[in-house]
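Reading through the structure tokens given below for one structure.
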Amino acid sequence: MVKVDKLNKVAEQRHGRLGLTDEQVLDMYRTMLLARRIDERMWLLNRAGKIPFVVSCQGQEAGQVGASFALDRQKDFALPYYRDVGVVLAFGMTAKDLMMQAYAKADDPNSGGRQMPGHFGQKKNRIVTGSSPVTTQVPHAVGIALGAKMEKKDFVSFVTFGEGSSNQGDFHEGANFAAVHKLPVIFMVENNQYAISVPLSKQVACEKISDRAIGYGMPGITVDGNDPLAVYEAVKDARKRGNNGEGPTLIEVISYRLTPHSSDDDDRSYRGREEVEEAKQKDGIYSFADYLRKLNILTEEIETKMEKEIKKIIDDATDDAENAAYADPKSIYKHVYAE
Amino acid sequence: MPVMSYIQAITQALHEEMERDEKVFVLGEDVGVRGGVFRATEGLYEKFGETRVLDTPLAESAIAGVGIGSAMYGMRPVAEMQFADFIMPAVNQIISEAAKIRYRSNNDWSCPITIRAPYGGGVHGALYHSQSIESVFANQPGLKIVMPSTPYDVKGLLKASIRDEDPVLFLEHKRAYRLIKGEVPEEDYTVPIGKADVKREGTDITVITYGLCVHFALQAAEKLEAEGIDAHILDLRTVYPLDKEAIIEAASKTGKVLLITEDNLEGSIIGEVSAIISENCLFDLDAPIKRLAGPDVPSMPYAPPLEKEFMINPDKVEHAMRELAEF
Ligand SMILES: Cc1ncc(C[n+]2csc(CCOP(=O)(O)OP(=O)(O)O)c2C)c(N)n1
Ligand SMILES: [Mg+2]
């Protein structure tokens, strides 16, 4: 009797209906929180003059983590953009790796201190190396998916970019190519309402970024980026389609960029504080925590312990990175070509 | 040894490489059913099927970018730009991405893509079907630029490019496609990237060039021999990075150097060749370094007399060689 009741209870829960266990949603929450706390620490380190640059994930963690958990993180390829701390953590990058990157130390797995923070890449976790010109990763994701099709492998490639970046030719060329050749690609636009200072209304004239999918003959869907479960569901469906040979999907995830564009930006010059405050009230991290608290999955005890553990991880990572060595200046001559 | 045309050598190299390695595939506009607008990929579609001979949408950045993605994944793409002139939409992918993937990832990722493109003039192609585009890419470490002149080199260098662990821009002179014929071994061989080749031994003057101009120089050298002028001709074959050693050796040999390119003069490959010679061969030179190139106007016009004015030809080469010999 007790068993049946428990099952029924699970069935009523949104995550249960999506096939997610309590442990998995707690892990999702923990990953979101870790991303947020790392990001917050980086701002402190930047303002303290310890690291030269931060570009933030704040406000987008829920969508990033919800999406990543819907993927097969042992198989699928991720082509993240600079805000995707949530994605790379979910794919296996560690807080220490990210701190090494922030400090540009030799042990930064992304580039050994060659690239700015936010330029992710780690082959062992199938996180594909990225650059600064926006949207160039989109055709790469299509090429990787082409590899899946040619080699009859069942992975998908998952690529993210901002709504402003969805104006670049590479988005349109890549989306069209993937749709024509029915390739397993998930295009995820993280629509955070701004491209540096330029608001959405000055980026596109269509109602939704996902409307752009129509032009390429693929499904386009818009979901609430503060709801990790909604994003999870959308990406799960897209993955299934990709695996079934039904081609790519465009998913627009609506969020709000809670920080300035980067540590070099001052957003007070182009948006009001009320707007930012209002967005903070809808922060996906808090609403997801609420959801988990109501179900007693996130208890006070678990929460305190989690915060404590995360703080320790970040403290240690920061110390390690601070004390780590830079790459040898003579190493700049290496790896221009295969050796 | 069978004699074949420059373009047949390309087709043969592609066939053999696709047979050798299942990861090799071609993608581009009209490369499939049609076999390419120049027929370079003829027969590949029939033999290897549509998954390995991919007719892509008309979008160059995607042709390069999708190729790059597949190369990062582990495939060996051979991407075709229908004309080198139309590589411009893909410049960002080639320079910001392909050329820098190994370096920016600290050797974690690599990008073994070959991008083929027909370039060059003398085919009534006007401004946008005649250009030499190598100098756009010739200061991009991480990239290699190969520009063969003979069918033998074409086959060996294309195979070497496909097998190379890094991105290679493989530029084919479109006028040479059917004009230039030569002996090509049937067996498998490669020609090393980054090595220039002496195409004619001589003692009086040195000509350093690449592509179709190698043939113009060879023709002129035959004529000048009768006048007692013995020309040494070095074919660069790879224009980036340059074979400095071979350039220094060839320049020092005669002390009189003529550099030829079909590209616009200023900022062209031969400017760098000239710098290498000036830095290294001052005391071996018996004449100022001489350059013969296209004029500094945007590109070659369509009308025959205008095209002729722009384009390098055997007469212009012969004239420049004689002048240098008489210095
Ligand atoms: C091709 C290119 N142009 C300009 C920039 C400078 N830039 C960096 S981020 C950015 C705004 C991107 O906005 P969006 O795509 O909405 O992403 P978000 O930063 O909002 O997440 C700009 C203009 C760039 N990196 N690349
Ligand atoms: Mg944005």
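Residue numbers (my numbering), protein chains in the order written: chain P, 29 to 367; chain C, 51 to 377. Backbone N, C-alpha and C fix where the C-beta goes; we use that ideal spot for every residue, glycine too.
Exercise. Kindly identify the DSSP beta-bridge partner or partners of residue 163 of chain C.
Key: Its beta-bridge partners do not exist; DSSP assigns none.
Quiz item: Along the chain, where does the alpha helix (DSSP H) that runs through residue 64 of chain P open and close?
Solution: 50-75
Self-check item: Nearest candidate by alpha-carbon position, reference residue 205 of chain P, set C:218, C:358, C:266, C:109
Solution: C:109
Quiz item: Can you name the start and end residues of the beta strand (DSSP E) that residue 75 of chain C belongs to?
Solution: 74-78
Self-check item: Cβ shell of residue 238 of chain P (< 6 Å), same chain only, five flanking positions each side left out
Solution: 248, 249, 250, 278, 280
Quiz item: Since residue 198 of chain C is in the beta strand (DSSP E), which residue starts that stretch and which ends it?
Solution: Element bounds for residue 198 of chain C: n/a, residue is neither H nor E.
Quiz item: Regarding residue 190 of chain P and ligand 1, is the C-beta to nearest heavy atom distance less than 7 Å?
Solution: yes
Quiz item: So what does DSSP say about residue 101 of chain C, is it helix, strand or coil?
Solution: coil
Quiz item: What is the DSSP secondary structure of residue 254 of chain P, counted as helix, strand or coil?
Solution: coil
Quiz item: At which residues does the beta strand (DSSP E) containing residue 51 of chain C begin and terminate?
Solution: Counting along the chain, residue 51 of chain C falls outside any beta strand (DSSP E), and DSSP gives it neither H nor E.
Exercise. Name, going along the chain, the residues of the stretch 147-158 of chain C whose beta-carbon falls closer than 7 Å to a beta-carbon of chain P.
Key: 147, 150, 151, 152, 153, 154, 155, 156, 157, 158
Exercise. For chain P, find out if any of its Cβ atoms is closer than 8 Å to the Cβ of residue 187 of chain C; answer yes or no.
Key: no
Quiz prompt | Whether residue 89 of chain P touches residue 120 of chain P by CB criterion (8 Å) | solution = no
Exercise. Check whether the Cβ of residue 90 of chain P lies closer than 7 Å to any heavy atom of ligand 2, and answer yes or no.
Key: no
Quiz item: On the three-state DSSP scale, how would you describe residue 424 of chain P?
Solution: No answer is possible for residue 424 of chain P: it lies beyond the span of chain P, which begins at 29 and ends at 367.
Self-check item: Whole-Å CB distance - residue 201 of chain C paired with residue 231 of chain C, under 8 Å assumed
Solution: 7 Å
Exercise. Just the C-alpha distance for residue 349 of chain C and residue 359 of chain C, rounded to the nearest angstrom, thanks.
Key: 11 Å
Practice problem: Note down, one range per segment and in chain order, each alpha helix (DSSP H) of at least 4 residues found wholly within the stretch 141-180 of chain P. | Solution: 165-178
Quiz prompt | residue 286 of chain C to residue 187 of chain P span [Cα, whole Å] | solution = 41 Å
Self-check item: DSSP-derived helix/strand/coil call for residue 368 of chain P
Solution: Here chain P covers residues 29 to 367 and nothing more, so residue 368 of chain P does not appear.
Self-check item: Neighbour-count burial assignment, residue 117 of chain C, 16 or more Cβ in a 10 Å radius
Solution: buried
Quiz item: Any idea what DSSP makes of residue 255 of chain C, helix, strand or coil?
Solution: strand
Practice problem: Examine chain C for any beta-carbon lying closer than 8 Å to the beta-carbon of residue 205 of chain P, and answer yes or no. | Solution: yes
Exercise. Flag residue 211 of chain C as yes if its beta-carbon sits less than 8 Å from any beta-carbon of chain P, otherwise no.
Key: no
Quiz item: If we ignore side chains and look at the alpha-carbon of each, how far apart do residue 190 of chain P and residue 120 of chain C end up?
Solution: 23 Å
Self-check item: Rounded separation between residue 372 of chain P and residue 310 of chain P - CA only
Solution: Only positions 29 to 367 of chain P appear in this structure, which leaves residue 372 of chain P out of reach.
Self-check item: Assigned secondary structure, residue 343 of chain C (DSSP; H/G/I helix, E/B strand, else coil)
Solution: strand
Self-check item: Boundaries of the alpha helix (DSSP H) in which residue 199 of chain P is found, first to last residue
Solution: 197-208
Exercise. Find the nearest neighbour of residue 282 of chain P within the set P:323, P:351, P:219, judged by alpha-carbon distance.
Key: P:219
Exercise. Could you confirm whether any beta carbon from chain P is found closer than 8 Å to the beta carbon of residue 322 of chain C?
Key: no
Self-check item: The alpha helix (DSSP H) enclosing residue 89 of chain P, as first and last residue numbers
Solution: 89-97
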